[in-house]
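Worksheet for the structure shown next.
Numbering (the numbering used here), first residue to last: -16 to 243.
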């Protein structure tokens, strides 16, 4: 074979080889594209599933929140109904209190003047009564007057103390009490035992138990008793001090004034 023929044959062979290689590359391109498409589809599907899962979680959370909100709303409605009933009850109670306050105010408007009149009457009674324990009784009346001007003392407490003072005066009329004191006699100050037997008699006995006096209501002064009364006055003093048993005593009793 000539050299030219060999060159032609080699060129033909090389051309065929290049053509075969080009055909193989061309045949491989569709396979690669198919794999890429499938991968993209899978990736897209995975991304879509992730979105679906996320939306599902969000939906469950929203449903749970909704149910919680509905439950809280129901509870709040029940609580609000309860509060509304309490408010209605309190309004009714306030109405009763306001009515009571109005009644109390009206009562006080009548009671307060009555208490002042009671104190005045008690003061007048002490001044006109037999003057035993005069200072103590007078101070008690003054305390009541001062109390009436004390805003820290309730009206009910003021009324109670006035009644207590009246009760003390009532009890004075049924008890006997003896104590030592000074009796002015003929310009002298004598130490004596005073004794009052209820409001029946107000007496004095010298400490040597030799002389006795009684309070003369009409004269409003002390008057000396005769010797026939001294022993009875001694017994009255002992009885008031629980030093003797009750017994009949001869005491100077003033007859009540007759009505004309």
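Built from N, CA and C at the ideal position, the CB exists for glycine as well. Quantities reported herein were computed from a predicted structural model and do not represent experimental measurements.
I'd like to know whether the C-beta atoms of residue i and residue j end up nearer to each other than 9 Å.
i: residue 193; j: residue 175; result: no
i: residue 124; j: residue 147; result: no
i: residue 109; j: residue 152; result: yes
i: residue 191; j: residue 198; result: no
Is it right to say residue i is buried, meaning 16 or more other beta carbons lie within 10 angstroms of its own, or is it exposed?
i: residue 218; result: buried
i: residue 102; result: buried
i: residue 215; result: buried
i: residue -3; result: Residue placement at residue -3 is poorly supported in this model, since its pLDDT is 47, which falls under 50; the coordinates still yield a value, given next. Counting Cβ neighbours within 10 Å, residue -3 comes out exposed, since fewer than 16 surround it.
i: residue 178; result: buried
i: residue 0; result: Confidence is the limiting factor: at residue 0 the pLDDT is only 47, short of 50, which leaves the residue's position unreliable and the question unanswerable from this model.
i: residue 62; result: exposed
i: residue 212; result: buried
i: residue 227; result: exposed
i: residue 127; result: buried
State the DSSP-derived secondary structure class of residue i, mapped to helix, strand or coil.
i: residue 115; result: coil
i: residue 4; result: Any reading at residue 4 needs caution, since the residue's pLDDT is 47, under 50, leaving its predicted position unreliable; the model's value is listed next. Residue 4: helix per DSSP, three-state reduction.
i: residue 208; result: coil
i: residue 181; result: coil
i: residue 9; result: Because residue 9 carries a pLDDT of 44, less than 50, the predicted location of this residue cannot be relied on, and the following value inherits that uncertainty. In this structure, residue 9 counts as helix in the three-state DSSP scheme.
i: residue 103; result: helix
i: residue 189; result: strand
i: residue 69; result: helix
i: residue 226; result: coil
i: residue 170; result: coil
i: residue 215; result: helix
i: residue 233; result: coil
i: residue 136; result: coil
i: residue 199; result: strand
i: residue 164; result: strand
i: residue 159; result: strand
Kindly indicate which residue of the options has the alpha-carbon position closest to the one of residue i.
i: residue 120; options: 23, 93, 154 and 62; result: 154
i: residue 169; options: 207, 21 and 125; result: 207
i: residue 161; options: 197, 52, 135 and 222; result: 222
i: residue 196; options: 75, 165, 17 and 77; result: 165
i: residue 229; options: 158, 48 and 132; result: 158
i: residue 186; options: 19, 29 and 234; result: 234
i: residue 189; options: 210, 200, 204 and 202; result: 210
i: residue 149; options: 104, 25 and 224; result: 104
i: residue 93; options: 74, 111 and 138; result: 138
i: residue 200; options: 72, 67, 82 and 111; result: 111
Exercise. Check whether the segment 167 to 182 touches the segment 107 to 117, taking contact to mean three or more Cβ pairs, one atom from each stretch, closer than 8 Å.
Key: At 8 Å Cβ cutoff, the stretches touch.
Quiz item: Do the segment 90 to 108 and the segment 133 to 147 make contact, defined as three or more Cβ pairs closer than 8 Å?
Solution: The count of Cβ pairs closer than 8 Å, one atom from the segment 90 to 108 and one from the segment 133 to 147, reaches three, so the stretches are in contact.
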